[in-house]
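Below is one structure, written out as structure tokens, with a few remarks after it.
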Amino acid sequence: MAAKDKNVIKVLGTVKEKLPNANFRVELENGHEVLTHVSGKIRMRFIRIMAGDKVTVELSPYDLTRGRITWLHK
């Protein structure tokens, strides 16, 4: 695990909208909406993410309006 991975905030959320260029609008458990993109591992494995899916999002403590989808829950 790299040192930069310790500074992320992991939050559960629901995909609300699929946007162009593999971006998504996700509503977090606390009600906030963030703009997210897909992590490289999910993109490499061609995992499809649709509206309504439950996902884990990593947020940077420096910009809480953008994040990265790292896990798709079943």
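Quick note on this note's numbering: the sequence shown kicks off at 281 and runs consecutively.
From the three backbone atoms N, C-alpha and C, an ideal C-beta is built for every residue, glycine too.
Coarse secondary structure for ASN310, derived from DSSP in three states: Taking the first residue of the sequence shown as position 1, residue 310 is located at position 30. ASN310: coil per DSSP, three-state reduction.
ARG348 - containing alpha helix (DSSP H), residue span: Translated into positions along the sequence shown, residue 348 becomes position 68. Counting along the chain, ARG348 falls outside any alpha helix (DSSP H), though it belongs to the beta strand (DSSP E) covering 343–352.
Given PRO300 as reference, the closest of HIS317, HIS353 and GLU313 once Cα atoms are compared: In the sequence shown, the residue the question calls residue 300 occupies position 20. Ranking the options by Cα distance to PRO300, first place goes to HIS317.
Proximity below 8 Å, CB of ARG323 to CB of GLU313: To locate residue 323, count along the sequence shown from 1; it is residue 43. To locate residue 313, count along the sequence shown from 1; it is residue 33. No, they are not a contact pair.
GLY332, DSSP secondary structure in three states: Along the sequence shown, read from residue 1 onward, the residue named residue 332 stands at position 52. In this structure, GLY332 counts as coil in the three-state DSSP scheme.
Limits of the unbroken beta strand (DSSP E) element including ILE289: In the sequence shown, residue 289 corresponds to position 9, counting from 1. Segment 289–299, the beta strand (DSSP E) holding ILE289.
Collapsed DSSP secondary structure at ARG323 in the structure displayed: On the sequence shown, residue 323 is found 43 positions in, with the first residue counted as 1. Of the three classes helix, strand and coil, the one that applies to ARG323 here is helix, per DSSP.
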